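What follows is a short report on a single structure.
There are 2 protein chains.
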Amino acid sequence: MKQLDDKSLLEAFRNCERRALARMLTRVENKHPSVLELLDSVYDRTGDAWRIGVTGPPGAGKSTLVNRLVIRYRASDDLIGVVAFDPTSPFTGGALLGDRVRMETIGRDPGVFIRSMATRGHLGGLAVGVDEACDLFDAFGHRKVLVETVGVGQSELEVANATDTTLVVLVPQSGDSIQAMKAGLMEIGDIFVLNMCDRDGADEAYRELVSILSIRELDHGWRPPVIRTVARDGGGVEKLVETIAAHREHLVGTGMLEQRRRNRSAAKTKRLVEDVLSRRIWNAARRAKTMNRIASGGSPYQISQELIDEFYEEIHREQAHAETERT
Amino acid sequence: MKQLDDKSLLEAFRNCERRALARMLTRVENKHPSVLELLDSVYDRTGDAWRIGVTGPPGAGKSTLVNRLVIRYRASDDLIGVVAFDPTSPFTGGALLGDRVRMETIGRDPGVFIRSMATRGHLGGLAVGVDEACDLFDAFGHRKVLVETVGVGQSELEVANATDTTLVVLVPQSGDSIQAMKAGLMEIGDIFVLNMCDRDGADEAYRELVSILSIRELDHGWRPPVIRTVARDGGGVEKLVETIAAHREHLVGTGMLEQRRRNRSAAKTKRLVEDVLSRRIWNAARRAKTMNRIASGGSPYQISQELIDEFYEEIHREQAHAETERT
Chain A
66 MKQLDDKSLL
76 EAFRNCERRA
86 LARMLTRVEN
96 KHPSVLELLD
106 SVYDRTGDAW
116 RIGVTGPPGA
126 GKSTLVNRLV
136 IRYRASDDLI
146 GVVAFDPTSP
156 FTGGALLGDR
166 VRMETIGRDP
176 GVFIRSMATR
186 GHLGGLAVGV
196 DEACDLFDAF
206 GHRKVLVETV
216 GVGQSELEVA
226 NATDTTLVVL
236 VPQSGDSIQA
246 MKAGLMEIGD
256 IFVLNMCDRD
266 GADEAYRELV
276 SILSIRELDH
286 GWRPPVIRTV
296 ARDGGGVEKL
306 VETIAAHREH
316 LVGTGMLEQR
326 RRNRSAAKTK
336 RLVEDVLSRR
346 IWNAARRAKT
356 MNRIASGGSP
366 YQISQELIDE
376 FYEEIHREQA
386 HAETERT
Chain B
66 MKQLDDKSLL
76 EAFRNCERRA
86 LARMLTRVEN
96 KHPSVLELLD
106 SVYDRTGDAW
116 RIGVTGPPGA
126 GKSTLVNRLV
136 IRYRASDDLI
146 GVVAFDPTSP
156 FTGGALLGDR
166 VRMETIGRDP
176 GVFIRSMATR
186 GHLGGLAVGV
196 DEACDLFDAF
206 GHRKVLVETV
216 GVGQSELEVA
226 NATDTTLVVL
236 VPQSGDSIQA
246 MKAGLMEIGD
256 IFVLNMCDRD
266 GADEAYRELV
276 SILSIRELDH
286 GWRPPVIRTV
296 ARDGGGVEKL
306 VETIAAHREH
316 LVGTGMLEQR
326 RRNRSAAKTK
336 RLVEDVLSRR
346 IWNAARRAKT
356 MNRIASGGSP
366 YQISQELIDE
376 FYEEIHREQA
386 HAETERT
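Quick mapping for you: the protein sequence lines, in order, are chains A and B.
My numbering puts the first sequence at residues 66 to 392.
My numbering puts the second sequence at residues 66 to 392.
Put into C-alpha cells, the structure is as follows:
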C-alpha cells in the first residue's frame with residue numbers, strides 16, 4: 066500500500082481493510098495535505114460509535130481498566146477501537162508502562178484495533194485531533210471507541226471534549242479527591258471510577274468523593290455516580306458497563322447527545338481552520354525571517370504586528386492574481 | 066484611573082505607580098486591543114528580571130516555597146513580583162488553597178507585587194501569556210519574578226518556556242518520581258526541589274530522583290541538581306537560593322541565556338500572531354454562521370475549508386479597498 070492514492074485508500078477504507086484505517090490515522094497524525102478532504106469523504110459514515118474517554122492521574126490504573134472494558138465489550142462481538150496516548154519521552158526513548166501487558170491481553174483479538182498516538186512533548190496536549198481519530202474509528206465501523214489519556218493536564222480536557230462519556234479514574238489515597246478537584250478533573254467526569262478499591266481507606270475515599278461531587282451542579286439531571294472497581298481482577302467492571310449505558314440513555318433521552326456533538330463539531334471546525342492558517346502563515350521563509358529579526362533584538366510585539374500586516378498583503382496579492390487568471 | 070488613556074497609563078507605569086502595573090496586567094488578561102502597542106512601548110525596559118518558574122504536582126508545597134523565596138529575596142531589598150495561577154473553579158467559585166496564608170505572610174510588603182491570574186478552565190492552559198505578564202513585571206523594575214503554576218499539565222510547560230530557571234517541586238512519596246517522569250516534569254526542570262524532606266522515605270526518594278536524573282542528557286554541561294527542602298520551616302531554602310544563582314551564572318556564562326530568551330521571543334511572536342488571526346477570523350457573524358451550518362448537520366471538514374476560502378476573500382476585499390482609498 067506504499068504508493069496508495071487518495072481514491073484507492075478511500076476504497077480500501079470502505080472495504081474495511083485494517084491497513085487502510087491505519088494509513089488514514091497516520092495521515093491525520095502527519096497532517097497530510099489531503100486530510101480535510103479524506104475525512105470529509107467518510108464523514109457521513111460517522112455517528113454510531115460510542116466514544117468513551119478514560120482520564121485520571123497517572124498511576125490510577127487506566128490501562129488495566131481499558132483492557133477490562135474492551136474484553137467485556139468484545140463479548141457482544143462489536144468492533145472495538147482503542148486510542149492510547151503514549152507519553153514517549155525524548156530522554157527515555159519509548160513508552161514507559163503498560164503497553165506490553167496490553168498487547169498480551171487484547172492485542173491479538175482481530176476485532177480490537179489499538180492505536181498508540183504521540184502526545185505533543187508530554188505537556189503540550191495531544192499531537193493529533195483525537196476527535197478526527199475517533200471519526201475514523203467510527204466511520205470504519207467500530208461501535209465503541211475507548212480513548213485513554215496520559216493522565217496529565219491539557220490532554221484530559223481534549224479527550225473529555227472529544228468523547229460522549231468521560232470516566233475519571235481515581236484511587237483511594239488521602240487527599241486525592243482534593244487534588245483531582247484542583248486539577249479540574251471533577252468538572253469533566255460523567256462517571257467517576259474509584260479503582261483499586263481493595264486498598265485501605267477505600268470506604269473513606271468513596272465517601273469523600275461522593276461528598277465533593279454532591280456540590281457539583283447536575284448536568285441536565287445527571288449526577289455523576291461513583292463506581293468502585295478493582296480493575297486488576299475485573300471487580301465492578303460489570304457495574305461500570307451498566308453505568309456507561311445509563312449515561313448514554315440519559316444523553317440520548319435529554320437531547321444532550323445532539324448538543325454535545327454539535328459543540329464538538331464547532332470546536333473541531335475552529336481547530337481545523339486555525340491549524341490551516343497557522344501552517345500557512347508559518348512557512349519556512351517567514352519563520353527564518355522572524356528568527357533573524359528576533360536574533361537582532363527586535364521587539365516581539367512589533368514583529369508580530371508586522372507579520373500580520375505582511376500576511377494580509379500576501380493573501381491579497383494571491384487572491385488578486387487568482388482573479389486575473391480567471392478572467 | 067478609570068478612564069485612563071494609553072498615554073497616561075504608560076506615563077504612570079514609567080513612574081512606577083503600582084496601579085498602572087495592575088491596569089496593564091488586566092489589559093493583557095483581557096486582550097485589550099492596544100495590548101501589542103502598550104507592551105511594545107515598554108519592551109526596551111525589559112531584560113533585567115530573573116524569571117523563576119515554580120512547577121510540580123498539586124500538593125507539593127509550591128506556594129509555601131514561593132513565600133520562603135520571596136522573603137529571602139526581599140532581604141536584598143529588590144522588588145519582587147509573584148504571578149500565581151489560580152485554579153478558580155466554576156463550581157466551587159473561588160481559590161481553593163493557600164491564598165489567605167500568602168497574604169498574611171508576604172502580602173503586606175510594599176516591595177512585593179502579587180498577581181493571581183486565572184487559568185483557562187483548569188486544564189486548558191493559562192488564560193494569559195505568562196511571558197507578557199513577566200515582561201510587565203520586568204519593565205516595571207522587579208528584579209525577581211516568581212511564577213507559580215497550578216500543578217497540572219499544560220500550564221507547567223508554558224511556565225517553563227516563559228522563565229529562566231524552572232524549579233520542579235516534588236515530595237517524598239513512593240513512585241512520585243516515576244509519575245513526574247511520565248508527566249514530563251523531568252524534562253522541564255533546571256533544579257529539582259525535594260520538599261517536605263522531614264517526611265519518612267525522604268532519603269530513598271532523594272536517591273531515586275538523583276538516579277532518574279542521571280540518565281537525562283546534560284544541558285550544555287548543567288546537570289539538574291536535587292535540593293532538599295522543608296519549605297514550612299525554611300530548611301534548605303538558602304541552598305536553593307544559591308543553586309538558582311549558580312544556574313543563572315551557568316546560563317549567562319554558556320550563552321544559553323541569550324539563546325533561551327531568543328527562543329522565548331520566537332514562541333511569543335508565534336502565539337501573538339495566531340491570537341490576532343484567531344480573533345479576526347472568529348468574529349460574531351462567522352461564529353453564528355458556523356454554528357448554524359453545524360446545527361443543520363454539515364461536515365466540519367467541509368465547513369472548515371469553506372471558512373478558510375471566505376476568510377482569504379475577505380482579507381482580499383479589505384486590502385483592495387484600502388488601496389483604493391490611498392490612491
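A virtual CB, placed ideally from N, CA and C, is assigned to each residue, including glycine.
The model shown is predicted, which means the values in this text are computed figures rather than measured ones.
For isoleucine 359/A, no beta strand (DSSP E) encloses it; the enclosing alpha helix (DSSP H) starts and ends at 349-360. Identification of chain B residues near methionine 356/A by a Cβ-Cβ cut-off of 7 angstroms yields Ala331, ordered along the chain.
Distance from the CA of threonine 355/A to the CA of valine 302/B, rounded to the nearest whole angstrom, comes to 40 angstroms. If you look at serine 276/B, you'll find it in the alpha helix (DSSP H) that goes 267-278.
With a threshold of 9 angstroms between beta carbons, aspartate 105/A makes contact with chain B.
Excluding the 5 residues flanking it on each side, arginine 358/B has same chain C-beta neighbours closer than 6 angstroms at Ile368, in chain order. For lysine 209/B, the uninterrupted beta strand (DSSP E) segment begins and ends at 209-213. Taking 9 angstroms as the cut-off, the Cβ atoms of alanine 183/A and glutamate 94/A count as close. The beta-carbon of glycine 206/A is placed no less than 9 angstroms from the nearest beta-carbon of chain B.
Residue range 230-235 is occupied by the beta strand (DSSP E) that includes threonine 230/A, with no alpha helix (DSSP H) assigned at that position.
Contact residues of the segment 98-131 of chain A toward chain B are Leu101, Leu104, Asp105, Tyr108, Pro123 and Gly124 (C-beta to C-beta distance below 7 angstroms). Distance check between methionine 321/A and each of Gly299/A, Arg272/A and Asp229/A places Asp229/A closest, using alpha-carbon atoms only. Pairing alanine 270/A with alanine 349/B, the inter-Cα distance amounts to about 45 angstroms. Comparing alpha-carbon positions, the option among Cys199/B, Arg345/B, Leu372/B and Asp142/B lying closest to phenylalanine 376/A turns out to be Arg345/B. Counting along the chain, threonine 120/A sits inside the beta strand (DSSP E) bounded by residues 115-120.
Listed along the chain, the chain B residues whose CB falls inside 7 angstroms of the CB of serine 343/A are Glu339. The C-beta of alanine 360/B comes closer than 9 angstroms to at least one C-beta of chain A. Chain B has a Cβ within less than 9 angstroms of the Cβ of tryptophan 347/A. Around alanine 225/A, the same chain offers Gly118, Thr231 and Ile253 as residues with beta carbons nearer than 6 angstroms, after the five sequence neighbours per side are excluded.
Contact between leucine 130/B and threonine 294/B holds, since their C-beta atoms are separated by about 7 angstroms, short of 8 angstroms. Between the beta-carbon of lysine 127/A and that of glutamate 213/A there is about 5 angstroms, and that keeps the pair under the 8 angstroms contact cut. DSSP places leucine 259/A within a strand segment (E or B) once states are collapsed to three. Comparing alpha carbon positions, the residue from Ser242/A, Val306/A and Val177/A closest to isoleucine 277/A is Ser242/A. Beta-bridge partners assigned by DSSP to arginine 180/B: Val148/B.
Looking at Asp340/A, Ala360/A, Lys335/A and Ala296/A, the one whose alpha-carbon comes closest to that of glutamine 324/B is Ala360/A. Looking at the DSSP output, glycine 300/B shares a beta bridge with Val295/B. Using a CB distance below 7 angstroms, the part of the segment 365-379 of chain A facing chain B consists of Pro365, Tyr366, Gln367, Ile368, Ser369, Gln370, Leu372, Ile373, Tyr377 and Glu378, ordered along the chain. Collapsing the DSSP output to three states places aspartate 284/A in a strand. A residue is called buried once 16 or more other Cβ atoms fall within 10 Å of its Cβ, and asparagine 132/A is buried on that count. By the Cβ neighbour-count rule, glutamate 314/A is exposed, with fewer than 16 other Cβ atoms within 10 Å of its own. Boundaries of the alpha helix (DSSP H) harbouring tyrosine 377/B: 365-391, taken from the DSSP string. Residue-level contact by beta carbon holds for histidine 381/A and chain B, with a gap shorter than 9 angstroms. Its chain contains Leu74, Ala77 and Phe78 as the residues whose beta carbon lies nearer than 7 angstroms to that of alanine 85/B, once the 5 sequence neighbours on both sides are disregarded; these appear in chain order. Within the segment 302-333 of chain A, the residues whose Cβ lies closer than 7 angstroms to any Cβ of chain B are, in chain order, Arg327, Ser330, Ala331 and Lys333. Comparing alpha carbon positions, the residue from Arg110/B, Asp70/B, Thr120/B and Ala125/B closest to proline 98/B is Asp70/B. Inter-residue distance for isoleucine 136/B and arginine 173/B is about 12 angstroms (C-alpha atoms, whole angstroms).
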